[in-house]
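Chains as they are written, first to last, in my numbering: chain A, 15 to 436; chain B, 700 to 1045; chain C, 10 to 104. Report on the structure given below.
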Amino acid sequence: MSVLEVVPKYPREKQVMINVNGDEAVAYALKQSYVDVVAAYPITPQTIIVEKFSEYVANGEVHTEFVAVESEHSAMSACVGAAAAGARAFTATSSQGLALMVEILYIASGMRLPIVMAVVNRALSAPINIHNDHSDAYLMRDSGWVMLFTENVQETYDTTIQAFKIAEHPEVQLPVSVHLDGFFLSHTLENIYALPDEAVYEFLGGARKLVKTKVDYFAEEVDYALDPGRPLSLGPLALYDYYFEMKIPQIKAMEYSEKVIKEVNEEWYKLTGRKYGNGLVDPYKLEDAEIVIVAMGSSAGTIRSVVKKYREKGVRAGLLRIRSFRPFPRKDVKELLENANVVAVLDKGIGPGSFGALYLDVVSTLYTSKSRPLIVNYIYGLGGRDLQPVHVAQIIDKLLEDLKRGYIPEEERLRFIGVRSS
Amino acid sequence: MSSPPAAPKVPHEIIIFEPGKKYELPLILNLRQLAEQRKPALLPGHRMCAGCAAPIIVKLASFAFRGPTVVVNATGCLEVATTIYPYTSWAIPWIHNAFENAAATASGIEAAVKALKRTGRLKYDYIDVVVLAGDGGTYDIGFQALSGMAERGHDVLYILYDNEAYMNTGIQRSGGTPKFAWTTTSPVGSAIPGKPEHKKPIAEIMVAHRIPYVATATPAHWVDFIKKVRKGIEVNGPAFIHALSSCNRGWRHAEELGIEVLRRAVDTCYFPLWEWTPETGYLLTDRSLIIARNPSLKQPIEKFIEVQGRFRHLLRPENRELLKALQEYVDATWEDLLKRAVNAPK
Amino acid sequence: MGELKSWKELPLGAITFRLSTDVKTGDWRALRPVIDQNKCTKCLLCWLFCPEMAILWGGSKVQVNYDYCKGCGICAHECPVKAISMVPEYEGEAL
Chain A
15 MSVLEVVPKY PREKQVMINV NGDEAVAYAL KQSYVDVVAA YPITPQTIIV
65 EKFSEYVANG EVHTEFVAVE SEHSAMSACV GAAAAGARAF TATSSQGLAL
115 MVEILYIASG MRLPIVMAVV NRALSAPINI HNDHSDAYLM RDSGWVMLFT
165 ENVQETYDTT IQAFKIAEHP EVQLPVSVHL DGFFLSHTLE NIYALPDEAV
215 YEFLGGARKL VKTKVDYFAE EVDYALDPGR PLSLGPLALY DYYFEMKIPQ
265 IKAMEYSEKV IKEVNEEWYK LTGRKYGNGL VDPYKLEDAE IVIVAMGSSA
315 GTIRSVVKKY REKGVRAGLL RIRSFRPFPR KDVKELLENA NVVAVLDKGI
365 GPGSFGALYL DVVSTLYTSK SRPLIVNYIY GLGGRDLQPV HVAQIIDKLL
415 EDLKRGYIPE EERLRFIGVR SS
Chain B
700 MSSPPAAPKV PHEIIIFEPG KKYELPLILN LRQLAEQRKP ALLPGHRMCA
750 GCAAPIIVKL ASFAFRGPTV VVNATGCLEV ATTIYPYTSW AIPWIHNAFE
800 NAAATASGIE AAVKALKRTG RLKYDYIDVV VLAGDGGTYD IGFQALSGMA
850 ERGHDVLYIL YDNEAYMNTG IQRSGGTPKF AWTTTSPVGS AIPGKPEHKK
900 PIAEIMVAHR IPYVATATPA HWVDFIKKVR KGIEVNGPAF IHALSSCNRG
950 WRHAEELGIE VLRRAVDTCY FPLWEWTPET GYLLTDRSLI IARNPSLKQP
1000 IEKFIEVQGR FRHLLRPENR ELLKALQEYV DATWEDLLKR AVNAPK
Chain C
10 MGELKSWKEL PLGAITFRLS TDVKTGDWRA LRPVIDQNKC TKCLLCWLFC
60 PEMAILWGGS KVQVNYDYCK GCGICAHECP VKAISMVPEY EGEAL
């Protein structure tokens, strides 16, 4: 978070401090976000989101129709139906549940439906594991969803609300997922600041507004929805003469969302006094950093504290936290890593046979950079393995050695930290 | 032969419901009145095979609609052949999501309509949600979503148009394929004579869910069909209609027999017509009720299979026992239904 | 059936933008239904059962819309008075 430069519309005194864990923060944000339909299926560690929200529904605190679907696949399917009917729709899941609904994730994006989903990141089976890593997120990497990773519970609350605004922007109209680390954030209590209900309502502009589109058989533009007044057919069969053309606007919308994510971040700053870097990336001491660690999610907090200690020792270390994984902020990453000499990209997931997904994005971004730093991939934290300060220190020490050596041998490019090797 | 006469000008129209008005279209069963007052939800120019019963099912069902209606279509012949981009044959709002989730998608739409109405944002008094799904998307891959939708009690009419195989992908067997039927994945060979398993009793399974309305129907018995669709729409909660839909490609019958073969399915008691509600129990309807009262009208199963190539092997003398087994099965299930039907003569 | 549009001209998302009435499926036919208006009792069963919505009732006469009729023959088979005959669409020698 950045230091206040302006007086926000809702300074801290006007916000409410609540003591919640990540899941509860999501549920609370939902309560305020005038959501029409929540269709969800429980899976650890997302369960508290649906449980808490069910309480709000049972107490009549929200108008939301809660659909206790019989699987995650049906959860996302119901969200697609609800969004197509004009409702603001939300779901939440993790791991196996996300894997089960992957088919529909692509459909939701292809149909340009502004659904918001909280993904409480959890490792994928086998073996079955309920703890945190990013393998489930990496699974949906190419599905056409905007993917935002949060570092702490405060950011989780903020980002959940922002997600609706980003998704429903007329030039975006894409589904958005908010990623919080399972257990590290979902089940960890934090004191966070929440806006009053009417502030969130105003920020989102009230209920979801439909966008319009033009088809040949209606003279005027019509609502992009299932409307008995102006019937449309959603989800046709497109053959090889049109499928390709239909994908381009989707890709363009994802590119445009970078701008919107930044704008919403700024707007939030003016509203609450909080912002997360420029919305896409959250840099720490990168202006003169030689050694940079790139990471996503809650580990950024640990890394930042170790970087701080090394700075005190005189080492020019820095942290680049990626907030927007999709769209991947190539321009910002390239600029911020311009002066780095050695970079370690930390991935909490890996596709065997290649590198971690974040590493691949960073390296391909830096390929066209004027000065290409030494770069390695650290795989960490699989299955909820804790990334401790001592591990981060080991990484930085090794990077210093790499720097002295001046090159990275190919067989040392993919590294693992925190795993027992003997 | 001279070139065909110029087509008369007809406005094949989109069906529009202007917001803010109350709609309660009366149920019409008179053909003249239907032709004059009702527009089909399906437009010509679709690419269903010549003689397919599915578009007839859609047309008849749409004659029973009472107002603003949204159709959810599972992947399959109907969905694919009526919406080849950039063309659509649908005169009403329509959505296709995926193969196995029509019931889940419909659940989401129904929930959205409720939420919008609750907050004063629904432009209509109500919007009816109707699912059109094939046996592919219902018996097998779509069953979970259907069962979930039924259990949660969503106010949705689910119409299964059953052509008894995965026709769109090339006639592969489904849970709805009858025993002994030839399909590409249950072919008639020297070791196995067609599909070994019986047709899953899908409508009875929906009865076991104890939803407000379940019925079987065919477009051949059109008055019965339209009445049942209307009941399914009016009932408050999930309704399920199992509609038998002939497929001249997959069943290997002559194109012009599309309706005739469905008539024979009912006449032979292969596909009895009934409806069920928790209050009334099983009630035979239309031709099946007539047959129950006049058992001499029941036709031997040959009458159904003799026009279909997918059963042709059963008419060979060496397969006499198989034909006998099939007749016995049809007889047994018919007798069982008679025992359960409240209006069958005792 | 028109020029193919570029990606910039497409509507939002995945929705169709033309009606299938532009697609004249009548050219699928091998057999054509011909209605004997003298025999026709205007019962409208052919209108009811036509899968293509290609039988037209204007209030006085039953007509076939040959733009869309695929020649399936269901109308001819179902006609209770056999007023419809299916005749070959094309005459000519087999090659």
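For each residue, glycine too, the CB sits at the ideal point set by N, CA and C. Predicted, not measured: the structure shown is a model, and the values here were computed from it.
- In the displayed model, Lys223(A) falls within coil according to three-state DSSP, outside both helix and strand.
- As the crow flies, the alpha-carbon of Lys1023(B) is around 43 Å from that of Leu733(B).
- The C-beta of Tyr120(A) comes no closer than 8 Å to any C-beta of chain C.
- Between Pro343(A) and Glu272(A), the beta carbon gap of about 6 Å places them in contact (Cβ cut-off 8 Å).
- In the same chain as Ser761(B), and ignoring 5 residues on each side of it, the C-beta atoms closer than 6 Å to its own belong to Pro739 and Ala740, in chain order.
- Under the Cβ criterion (8 Å, minimum of three pairs), the segment 113-125 of chain A does not count as touching the segment 325-337 of chain A.
- Contact of Ile262(A) with chain C is assigned, a C-beta pair being separated by under 8 Å.
- Within the model, the alpha-carbon separation for Ile1004(B) versus Gln843(B) is close to 32 Å.
- For the segment 177-198 of chain A, the residues whose beta carbon sits under 9 Å from a beta carbon of chain C are, in order, Gln187.
- Per DSSP, Ser191(A) lies in no alpha helix (DSSP H); the unbroken beta strand (DSSP E) holding it starts and ends at Val190 to Asp195.
- Against chain A, the CB of Ala938(B) has no partner CB under 8 Å away; the residue lies outside that interface.
- When the Cα atoms are used, Val906(B) and His853(B) turn out to be separated by approximately 15 Å.
- Per the C-alpha coordinates, the member of Ile24(C), Phe26(C), Arg41(C) and Leu21(C) positioned closest to Glu98(C) is Arg41(C).
- Within the same chain, Cβ atoms closer than 6 Å to the Cβ of Glu304(A) are found at Arg330 and Asn355, the five residues on either side in sequence being excluded.
- Counting only the Cα atoms, Gly957(B) lies some 26 Å from Trp793(B).
- With a contact defined as Cβ atoms closer than 8 Å, Tyr70(A) and Lys45(A) qualify at about 5 Å.
- The straight-line gap separating the alpha-carbon atoms of Asn862(B) and Gly311(A) is approximately 51 Å.
- Across the structure, Ala23(C) and Val51(A) are spaced so that their CA atoms are roughly 22 Å apart.
- Around the C-beta of Gln46(C), fewer than 16 other C-beta atoms lie within 10 Å, and the residue is accordingly described as exposed.
- If the five residues before and after Lys927(B) are omitted, its C-beta is found closer than 7 Å to the C-beta atoms of Ala914, Ala916, Ile940 and Glu974, all from its own chain and listed in chain order.
- Proximity of the segment 810-822 of chain B to the segment 782-802 of chain B falls short of the contact definition, fewer than three beta-carbon pairs being nearer than 8 Å.
- Per DSSP, reduced to three states, the secondary structure at Phe163(A) is strand.
- Between the segment 718-736 of chain B and the segment 821-835 of chain B, the count of Cβ pairs shorter than 8 Å is three or higher; the stretches touch.
- A Cβ-Cβ contact shorter than 8 Å links Tyr392(A) with Arg429(A).
- Fewer than three pairs of CB atoms, one per stretch, sit closer than 8 Å, so the segment 206-213 of chain A makes no contact with the segment 59-77 of chain A.
- Our two residues, Thr170(A) and Gly397(A), have alpha carbons roughly 21 Å apart in a direct line.
- For Tyr231(A), the C-beta contacts it makes with chain B under 8 Å involve Ile713, in order along the chain.
- In this structure, the CA atom of Leu253(A) is about 24 Å from the CA atom of Ile840(B).
- Bounds of the alpha helix (DSSP H) holding Ser319(A) are Ser313 to Glu326.
- Counting C-beta atoms within 10 angstroms of its own C-beta, Pro250(A) has 16 or more neighbours from the protein chains shown and is therefore classed as buried.
- For Ala814(B), the chain A residues whose C-beta falls within less than 7 Å of its own C-beta are Asp50, Val51, His77, Thr78, Glu79 and Ala101, listed in chain order.
- For Ile317(A), the closest of Glu216(A), Leu401(A), Leu388(A) and Asn166(A) by C-alpha to C-alpha distance is Leu401(A).
- In this structure the segment 134-146 of chain A does not lie against the segment 23-34 of chain C, because fewer than three pairs of beta carbons, one per stretch, are closer than 8 Å.
- Close to chain A, meaning a Cβ-Cβ distance shorter than 7 Å, are the following residues of the segment 791-818 of chain B: Ile791, Pro792, Trp793, Ile794, His795, Asn796, Ala797, Asn800, Ala803, Thr804, Ala805, Ser806, Gly807, Ile808, Ala810, Ala811, Val812, Lys813, Ala814, Leu815, Arg817 and Thr818.
- In chain order, Gly836, Ile840, Gly841 and Ala844 place their CB closer than 7 Å to the CB of Glu799(B), counting only its own chain and leaving out the 5 sequence neighbours on each side.
- Taking C-beta atoms under 8 Å as the contact rule, Ser200(A) and Pro59(A) qualify, at a distance of about 4 Å.
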